[in-house]
Amino acid sequence: MAQIRDQWTSRAGFILAAVGSAIGLGNIWRYPYTVYEHGGGAFLIPYFVALLTAGIPLLLLEYAMGHKNRGSAPLAYHKLSKKWEWLGWWQAVVAFLISSYYVIILAWAMSYTWYSVGTQWGQDTEKFFLDQYLGVAQTNGFWDFGGLQLSVVIPLVIIWAFIYFVMRQQAHKGIERLTRIVMPVLLVLMVIITLRGVTLEGATTGLNALLTPDFGALMDPNVWVAAYGQVFFSLSVGFATMITYASYLKKTDDLANSGLICALANSGFEFMAALGVFGALGFLAVQSGVDVQEVVGGGIGLAFIVFPKIISQLPWLNSLFGVIFFGTLVIAGLTSIVSLVEPVVSAVRDKLGLARTTAVNWICGISFLISILYATKGGINYLDLVDHFVNTYGLLFGTILMTLVTAWFTRKVGDLQNHINEVSDVHIGNWWIFCVKYMTPVMLIIITGVHIWEEWL
Ligand code: PHE
Numbered sequence: 143m144a145q146i147r148d149q150w151t152s153r154a155g156f157i158l159a160a161v162g163s164a165i166g167l168g169n170i171w172r173y174p175y176t177v178y179e180h181g182g183g184a185f186l187i188p189y190f191v192a193l194l195t196a197g198i199p200l201l202l203l204e205y206a207m208g209h210k211n212r213g214s215a216p217l218a219y220h221k222l223s224k225k226w227e228w229l230g231w232w233q234a235v236v237a238f239l240i241s242s243y244y245v246i247i248l249a250w251a252m253s254y255t256w257y258s259v260g261t262q263w264g265q266d267t268e269k270f271f272l273d274q275y276l277g278v279a280q281t282n283g284f285w286d287f288g289g290l291q292l293s294v295v296i297p298l299v300i301i302w303a304f305i306y307f308v309m310r311q312q313a314h315k316g317i318e319r320l321t322r323i324v325m326p327v328l329l330v331l332m333v334i335i336t337l338r339g340v341t342l343e344g345a346t347t348g349l350n351a352l353l354t355p356d357f358g359a360l361m362d363p364n365v366w367v368a369a370y371g372q373v374f375f376s377l378s379v380g381f382a383t384m385i386t387y388a389s390y391l392k393k394t395d396d397l398a399n400s401g402l403i404c405a406l407a408n409s410g411f412e413f414m415a416a417l418g419v420f421g422a423l424g425f426l427a428v429q430s431g432v433d434v435q436e437v438v439g440g441g442i443g444l445a446f447i448v449f450p451k452i453i454s455q456l457p458w459l460n461s462l463f464g465v466i467f468f469g470t471l472v473i474a475g476l477t478s479i480v481s482l483v484e485p486v487v488s489a490v491r492d493k494l495g496l497a498r499t500t501a502v503n504w505i506c507g508i509s510f511l512i513s514i515l516y517a518t519k520g521g522i523n524y525l526d527l528v529d530h531f532v533n534t535y536g537l538l539f540g541t542i543l544m545t546l547v548t549a550w551f552t553r554k555v556g557d558l559q560n561h562i563n564e565v566s567d568v569h570i571g572n573w574w575i576f577c578v579k580y581m582t583p584v585m586l587i588i589i590t591g592v593h594i595w596e597e598w599l
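Each residue of the sequence shown is one higher than the last, beginning at 143 in our numbering.
Written out as structure tokens, the structure is:
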């Protein structure tokens with residue numbers, strides 16, 4: 143059955159949806175900790191190298207693929223060459239797998255928005271978190287599911303119902319409308335969080351810890367792996383998302399400009415988040431009379447163990463700030479999760495000619511069932527495992543092949559450059575070809591090699 147392709151109402155609608163996809167948990171919860179762990183201020187060097195030589199070039203590559211070939215990832219690759227359709231499916235599956243656990247973190251954030259009222263987590267925020275969600279202490283190992291945890295299942299069902307409601311509607315009615323409404327709100331909330339964070343007593347201690355460069359870190363290959371990983375995840379590059387979103391643009395819509403806006407907004411947002419988060423961490427460190435180092439937790443811990451502690455100790459309006467912080471995570475995450483589900487829905491529709499609702503029923507249904515597995519007591523073991531494999535190997539393998547296929551195997555990178563330049567105000571030069579053809583694949587292959595070496599050998 144032939145179908146009419148979804149279309150954004152305007153280029154602004156597309157940019158908002160793309161920025162909504164990019165700005166998510168990766169910016170507020172992953173970025174600050176990643177910077178801190180990998181050399182503080184010095185991390186900005188690999189970060190910008192990764193952004194300029196890989197993040198932005200591949201973002202434009204995805205835009206061009208989707209826009210020129212007018213298809214979701216598998217169809218867009220198919221139009222380059224039949225042989226490579228599977229790569230589009232690979233990227234869509236990566237997005238699908240991420241969606242099934244990304245939603246869990248959203249569910250946690252949602253219940254924490256509620257727990258913020260009256261700071262229900264009490265004194266021992268770590269025990270509270272473990273009891274509520276991880277149930278690690280109670281499991282008898284990897285295979286013990288030990289029953290569902292209602293504290294996750296209830297918000298999970300609410301979030302899935304919301305995603306389902308948004309996704310059932312065409313992109314311009316569902317996703318675009320959602321981002322139009324929430325992105326301005328998100329910006330205001332983030333400004334409030336940042337201002338509050340940097341004006342807290344002790345904030346400078348935190349900011350110093352964040353920004354004091356450790357240049358020695360630049361020699362550590364893991365710092366470079368982290369920078370590329372962060373840039374891809376945060377910009378939503380390598381997950382079929384941007385190919386799909388660009389395929390909903392009008393034929394003549396500008397690409398280069400939109401890409402630059404998206405990258406700038408995303409990086410600006412995460413930098414702001416890092417300032418706010420570290421200001422608050424400095425506050426906690428000073429209150430507790432310890433080094434910032436001692437209060438910084440890993441990804442999950444930072445938001446759900448350390449932040450509740452900070453919120454409890456705020457001098458005024460702490461419930462309100464708790465609601466603002468966790469509410470911001472929820473809002474930022476919602477506009478990203480739809481962009482993880484959409485590439486799969488779109489791929490299945492392009493392939494099978496299904497109506498949107500049929501595809502959405504299936505994809506949301508299956509992803510919901512998988513996410514329920516993570517909501518069992520032992521489920522967290524899977525979350526960690528899947529996250530690691532999908533986010534490193536699934537992503538790096540896909541992005542390396544994406545550059546090789548477009549630049550070397552099908553030699554379409556020149557056509558794609560012409561396509562971008564035909565529709566865009568800003569023309570992209572040969573630096574772009576250089577990045578896609580040499581710089582990005584070489585860097586990514588080295589990084590993946592080092593990673594495999596360190597992990598397995
Ligand atoms: N970019 C999103 C974030 O920062 C996550 C995401 C990755 C969304 C890939 C879509 C595709 O949280």
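For every residue, glycine included, the Cβ atom is placed at its ideal position computed from N, Cα and C.
Computed from a predicted model, the values in this text were never measured in an experiment.
### Message
If you follow the alpha helix (DSSP H) that H561 is in, where does it begin and where does it stop?
### Response
Start and end: V555 to V565.
### Query
Does DSSP classify T518 as helix, strand or coil?
strand
#### Entry: Residues near A237 by beta carbon distance below 7 Å, same chain, minus five either side
F381, A382, T383, L482, P485 and V486
### Cβ-Cβ distance between I385 and S214 below 8 Å
yes
#### Entry: Cα-Cα separation between I473 and G424, rounded to whole angstroms
Near 25 Å, if we compare the C-alpha coordinates of G424 and I473.
### Query
Can you list every residue whose CB sits closer than 6 Å to some heavy atom of ligand 2, going in chain order?
By its list of ligands, the structure shown excludes ligand 2, since it contains just ligand 1.
### Task
Taking only the alpha-carbon atoms, compute the straight-line gap between E268 and S253 and give it to the nearest angstrom.
15 Å
### Task
Would you be able to state if there are at least three C-beta pairs under 8 Å between the region 216 to 232 and the region 400 to 416?
no
### Task
Taking D396 as part of the alpha helix (DSSP H), name the residues at either end of that continuous run.
No alpha helix (DSSP H) contains D396, which DSSP labels as neither H nor E.
### Message
Under 8 Å: do the region 180 to 195 and the region 519 to 536 share three or more Cβ pairs, one atom per stretch?
### Response
no
### Query
DSSP three-state call for L194: helix, strand or coil?
helix
#### Entry: Length-filtered (4 minimum) alpha helix (DSSP H) runs lying within the region 399 to 465
Fully enclosed alpha helix (DSSP H) runs of 4 or longer: 434 to 437 and 449 to 455.
### Message
Taking the beta carbon of H569 as the centre, do at least 16 other beta carbons fall within 10 Å, making it buried, or is it exposed?
### Response
Label assigned to H569: exposed.
### Message
Less than 6 Å between C-beta atoms, sequence neighbours within five positions excluded: which residues of the same chain meet that for L193?
### Response
V373
### Task
Tell me whether A497 sits in a helix, a strand or coil according to DSSP, three-state version.
coil
### Query
For T255, which residues from the same chain have a beta carbon less than 7 Å from its beta carbon, with the 5 sequence-adjacent residues on both sides left out?
V465, F468, G469 and V472
#### Entry: Pairwise C-alpha distance: A445 and W285
With a pLDDT of 46 at W285, under the threshold of 50, the predicted position of this residue should be treated as unreliable, though the coordinate-derived value follows. Cα to Cα, W285 sits roughly 27 Å from A445.
### Task
Decide if I588 is buried, meaning its Cβ has at least 16 other Cβ atoms within 10 Å, or exposed.
exposed
### Task
List the whole-angstrom C-beta distance separating I157 from C404, where the pair is believed to meet the contact cut-off of C-beta under 8 Å.
6 Å
#### Entry: Given E596 as reference, the closest of S509, D362, D395 and Q311 once Cα atoms are compared
Taking each of S509, D362, D395 and Q311 in turn and checking the Cα distance to E596, the smallest one comes out for D362.
### Task
Kindly indicate which three-state DSSP category G162 falls into: helix, strand or coil?
helix
### Task
Check whether the Cβ atoms of S400 and N169 sit closer than 8 Å, and answer yes or no.
Against a cut-off of 8 Å, the Cβ pair of N169 and S400 comes out as no contact.
### Query
So, is I594 buried or exposed, given that buried needs 16 or more other C-beta atoms within 10 angstroms?
Exposed, because fewer than 16 other Cβ atoms sit within 10 Å of the Cβ of I594.
### Query
Exposed or buried, what is P457 when buried is set at 16 or more other beta-carbons lying within 10 Å of its beta-carbon?
exposed
### Message
Please identify the residue among V578, T347, Y390 and A196 whose C-alpha is closest to the C-alpha of R153.
### Response
Y390
### Message
For G421 and F357, I'd like the C-alpha separation in whole angstroms.
### Response
Cα to Cα, the separation comes out at about 22 Å.
### Query
With contact counted as at least three CB pairs below 8 Å, one residue from each stretch, are the region 496 to 515 and the region 338 to 348 in contact?
Result no; under three Cβ-Cβ pairs closer than 8 Å.
### Task
For P450, I'd like the list of residues in its chain whose CB is within less than 6 Å of its CB, leaving aside the five on either flank, ordered along the chain.
A distance below 6 Å between beta-carbons, with the five flanking residues on each side excluded, links P450 to the following residues of its chain, in chain order: W263 and T267.
### Task
With a threshold of 16 other CB atoms inside 10 Å of the CB of D433, please say whether the residue is buried or exposed.
exposed
### Query
Just how far apart, CA to CA, sit D273 and I165?
30 Å
### Close beta carbons around G556, own chain, < 8 Å, minus the five adjacent residues each side
I575
### Message
Measuring straight from C-alpha to C-alpha, what distance separates M581 and T195?
### Response
As the crow flies, the alpha-carbon of M581 is around 7 Å from that of T195.
### Task
Look at the alpha carbon of I305 and the alpha carbon of I479, and state the distance between them as a whole number of angstroms.
Per the coordinates, the alpha-carbon of I305 lies some 8 Å from the alpha-carbon of I479.
### Query
Mind checking whether V379 and L201 have CB atoms under 8 Å apart?
Contact flag set, yes.
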